[in-house]
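2 protein chains.
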Amino acid sequence: MSVHKLENADRTSVPDAAETLGFRPLYRQVKAIFVRRLVDGVWSPGTALPSEAQLASEIGVSQGTVRKALDELAAENLLVRRQGRGTFVAEHDERRILFQFFKLVHDDGERRFPDSLVLGVETGMANAAERAALDLDAGASVIRIRRLRAFETIPIILETLSLPQRVFPGLETAPIPNNLYSLFAARYGVTIAHARERLKAIALSADEAGLLGVAQGTPALRIDRVALSLDGSPVELRVSLCLTEEAHYLSDLR
Amino acid sequence: MSVHKLENADRTSVPDAAETLGFRPLYRQVKAIFVRRLVDGVWSPGTALPSEAQLASEIGVSQGTVRKALDELAAENLLVRRQGRGTFVAEHDERRILFQFFKLVHDDGERRFPDSLVLGVETGMANAAERAALDLDAGASVIRIRRLRAFETIPIILETLSLPQRVFPGLETAPIPNNLYSLFAARYGVTIAHARERLKAIALSADEAGLLGVAQGTPALRIDRVALSLDGSPVELRVSLCLTEEAHYLSDLR
DNA sequence: AAGTGGTCTAGACCACATT
DNA sequence: ATGTGGTCTAGACCACTTG
Chain B
1 MSVHKLENAD
11 RTSVPDAAET
21 LGFRPLYRQV
31 KAIFVRRLVD
41 GVWSPGTALP
51 SEAQLASEIG
61 VSQGTVRKAL
71 DELAAENLLV
81 RRQGRGTFVA
91 EHDERRILFQ
101 FFKLVHDDGE
111 RRFPDSLVLG
121 VETGMANAAE
131 RAALDLDAGA
141 SVIRIRRLRA
151 FETIPIILET
161 LSLPQRVFPG
171 LETAPIPNNL
181 YSLFAARYGV
191 TIAHARERLK
201 AIALSADEAG
211 LLGVAQGTPA
221 LRIDRVALSL
231 DGSPVELRVS
241 LCLTEEAHYL
251 SDLR
Chain U
1 MSVHKLENAD
11 RTSVPDAAET
21 LGFRPLYRQV
31 KAIFVRRLVD
41 GVWSPGTALP
51 SEAQLASEIG
61 VSQGTVRKAL
71 DELAAENLLV
81 RRQGRGTFVA
91 EHDERRILFQ
101 FFKLVHDDGE
111 RRFPDSLVLG
121 VETGMANAAE
131 RAALDLDAGA
141 SVIRIRRLRA
151 FETIPIILET
161 LSLPQRVFPG
171 LETAPIPNNL
181 YSLFAARYGV
191 TIAHARERLK
201 AIALSADEAG
211 LLGVAQGTPA
221 LRIDRVALSL
231 DGSPVELRVS
241 LCLTEEAHYL
251 SDLR
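Going line by line, the protein sequences match chains B and U. Sequential numbering of the first sequence, starting at 1, is according to full-length UniProt numbering. Sequential numbering of the second sequence, starting at 1, is according to full-length UniProt numbering.
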């Protein structure tokens, strides 16, 4: 039986107030129920959802309506559907990160996942850029992680991450894994759903160049990423300085 | 009545050869019919398609199957569906280009469409890079267009396009409009369906810097775009050198 | 009022994976 | 053999646009 309040429950009645204020299809309401379960961790990464038929009878809609909701969530990479097996909550495994979130590709066309060398971790008050990007109040504190990433020992990315301390308490004293998004999910229940990247070409400062092992003034690709969690709030600012002698940023326009 | 040969026409029969060699859903076969009509120009940009019901009875499938084919084509930006009005063939109007193909955005967040100043048009034998990108044989000739693009008279992009002459005959003697993709469609029946961009940070040469009005060695974003037509063949190589002092390349990771 | 795409349902059957 | 998602159908009704 359903314990959810769906709008327009009596679909044969005269349009009510909810309908005059904009129509919201049933499958979107069902989708919202499912997103809620993902946000709340009722369905956690890697686990299987109940079957379509079970969900349909639980919520009290047809299987086709459940299907349409699940299909949209799969299109957004929040779920993975596998014929014959079931529907699963998407995980931030290396493969997904590599294709969805890591756009720097070696010129030979091969996608590699770079190793990371953490240079330092600190906490401090968010500066203006961090407050703007992460939607923080004045005085909020952030954890900053600086790391060098390499393709087979050749340094190629100098990266500075800023994370709201209230979202990731204790992270500053933990070991920093190469795959951060998987840690966010496992330890903090925070799922990175998508990100927006802004790219510029800049000249490296003496410090930056030194860490990357190139000459001061070398051109580099600067990527400012803001990553958003499932509920749409920004939870990570990541500034990456990338050498593009032997690699490039790949963007597909569809 | 249908004049199309659909696989598995008798869907109650034992699996036949076509099925053992891989299952192809009906709606994909229907979709292929529609793509054919777009490629052949039977349905041309801006025109309305027959209604779903008409297409269904013409082809001999249910309306739901036609719908699924049309939905996929709309998701690929090849069609535009408007409730109450109909389904239309997508056009390369300025709005679409701005959002689908033009990723350089002013730092103030406003999307502008830059003006173009054509510096020169020439034809010549394709070099190695052009042959590789455009899948051309040795000796094939290309049309090269060099232009400077500006946001409100401030030059920001130096662009070199290479186009296969056999795809765009006579283009070298025509006036070059700002919106090339719309010309490709109208004059040559070539629809740009999507593109792949590779980005690097480079230092401008003396020539390039001079044209853009900055100092030699200034860092710039180099974008190598290969644009593909509806049938998947590469028809444009575009190398853009972009100043990113006041603008950035915007990439959404979903 | 008529025509279009959009939603929702119910049921049958298919393809795929596992037991 | 069973259970899952995937396809296909047919029909009813809804929302939106235009005459």
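For glycine and all other residues, C-beta sits at the position ideal for the given N, C-alpha and C.
> With burial defined as no fewer than 16 other Cβ atoms inside 10 Å of the residue's Cβ, what is the status of B:Ile192: buried or exposed?
Replying inline: The residue you call residue 192 of chain B lines up with position 192 of the first sequence. B:Ile192 comes out buried.
> What first and last residue would you give for the alpha helix (DSSP H) that runs through U:Lys68?
Replying inline: By 1-based counting over the second sequence, the position of residue 68 of chain U is 68. Element bounds for U:Lys68: 63-75.
> U:Asp207 by DSSP, collapsed to three states: which one?
Replying inline: Indexing the second sequence from 1 puts residue 207 of chain U at position 207. DSSP places U:Asp207 in helix when its eight states are reduced to three.
> Out of U:Leu79, U:Gly109, U:Gln83, U:Thr87, which has the shortest C-alpha to C-alpha gap to U:Arg96?
Replying inline: On the second sequence, position 96 is the one that residue 96 of chain U refers to. Comparing Cα positions, the closest option is U:Leu79.
> How should U:Pro177 be labelled, buried or exposed, when 16 other C-beta atoms within 10 angstroms of its C-beta is the threshold for buried?
Replying inline: Indexing the second sequence from 1 puts residue 177 of chain U at position 177. Label assigned to U:Pro177: exposed.
>> If you reduce the DSSP assignment to three classes, tell me which class U:Phe34 lands in.
In response: Counted from its first residue, the second sequence places residue 34 of chain U at position 34. U:Phe34: helix per DSSP, three-state reduction.
> Short check: CB of B:Pro45 to CB of B:Ala185, under 8 Å?
Replying inline: For the purposes of this step, residue 45 of chain B is taken as residue 45 along the first sequence, with counting starting at 1. For the purposes of this step, residue 185 of chain B is taken as residue 185 along the first sequence, with counting starting at 1. Between B:Pro45 and B:Ala185, the CB-CB gap stays under 8 Å.
> Is there contact between the region 230-240 of chain U and the region 148-167 of chain U, where contact requires at least three CB pairs shorter than 8 Å?
Replying inline: The region 230-240 of chain U, when compared against the region 148-167 of chain U, does touch it at the 8 Å Cβ threshold.
> Since U:Arg225 is in the beta strand (DSSP E), which residue starts that stretch and which ends it?
Replying inline: On the second sequence, residue 225 of chain U is found 225 positions in, with the first residue counted as 1. First-last of the beta strand (DSSP E) with U:Arg225: 219-229.
>> Checking 8 Å against the spacing of the C-beta atoms, do U:Thr47 and U:Leu70 come in under that value?
In response: The sequence position of residue 47 of chain U within the second sequence is 47, counting from 1. The sequence position of residue 70 of chain U within the second sequence is 70, counting from 1. The answer is no: Cβ separation not under 8 Å.
> Since B:Glu94 meets chain U, which of its residues come closer than 9 Å, beta carbon to beta carbon?
Replying inline: The count along the first sequence starts at 1 and reaches residue 94 of chain B at position 94. Per Cβ cutoff of 9 Å: no residues; B:Glu94 is ~16 Å from chain U at best.
> Counting only beta-carbon atoms, is U:Tyr181 nearer than 8 Å to chain B?
Replying inline: Locating residue 181 of chain U in the second sequence gives position 181, where the first residue counts as 1. Interface with chain B (8 Å Cβ-Cβ cutoff): U:Tyr181 is excluded.
>> Comparing C-alpha positions only, which one of U:Ala132, U:Leu117, U:Phe34 sits nearest to U:Val89?
In response: Residue 89 of chain U sits at position 89 when you count from the first residue of the second sequence. When only C-alpha atoms are compared, the closest one is U:Phe34.
> Taking just the CA atoms, how far does B:Gly60 sit from B:Gln54?
Replying inline: Position 54 of the first sequence, counted from the start, is the residue given in the question as residue 54 of chain B. Position 60 of the first sequence, counted from the start, is the residue given in the question as residue 60 of chain B. If I take the Cα positions, the gap works out to 10 Å.
>> What would DSSP say about B:Pro234, mapped onto helix, strand or coil?
In response: Taking the first residue of the first sequence as 1, we reach residue 234 of chain B at position 234. B:Pro234 falls in the strand class under three-state DSSP.
> If you follow the beta strand (DSSP E) that U:Ala185 is part of, which residue opens it and which one closes it?
Replying inline: Locating residue 185 of chain U in the second sequence gives position 185, where the first residue counts as 1. Not the beta strand (DSSP E): U:Ala185 falls in the alpha helix (DSSP H), residues 180-188.
> Using a beta-carbon distance cut-off of less than 7 Å, what residues from the region 175-204 of chain U approach chain B?
Replying inline: So the list reads His194, Ala195, Arg196, Glu197, Arg198, Leu199, Lys200, Ala201, Ile202, Ala203, given in the order they occur along the chain.
> At a Cβ threshold of 8 Å, is U:Glu110 touching chain B?
Replying inline: Position 110 of the second sequence, counted from the first residue, corresponds to residue 110 of chain U. Not an interface residue.
> Skipping 5 residues on each side, what residues in its chain have a beta carbon closer than 8 Å to that of U:Ala209?
Replying inline: As a position in the second sequence, residue 209 of chain U is number 209, starting the count at 1. Short of 8 Å from the beta carbon of U:Ala209, and not among the five residues preceding or following it, lie these beta carbons of its own chain, in chain order: Ala215, Gln216, Gly217, Thr218.
> Within 10 angstroms of its Cβ, does U:Glu122 collect 16 or more other Cβ (buried), or is it exposed?
Replying inline: Counting from one through the second sequence, the residue named residue 122 of chain U turns up at place 122. When all chains shown are included, U:Glu122 counts as exposed.
>> Once the 5 residues before and after B:Ser116 are set aside, which same chain residues still bring their CB inside 6 Å of it?
In response: Here residue 116 of chain B refers to the residue found at position 116 when the first sequence is read from its first residue. So the qualifying residues of the chain are Arg147, Arg149, Asn178.
> Closest by CA to B:Leu136, which one among B:Phe23, B:Leu237, B:Ala195?
Replying inline: Counted from its first residue, the first sequence places residue 136 of chain B at position 136. Ranked by how close their Cα comes to the Cα of B:Leu136, the residues B:Phe23, B:Leu237, B:Ala195 have B:Leu237 in first place.
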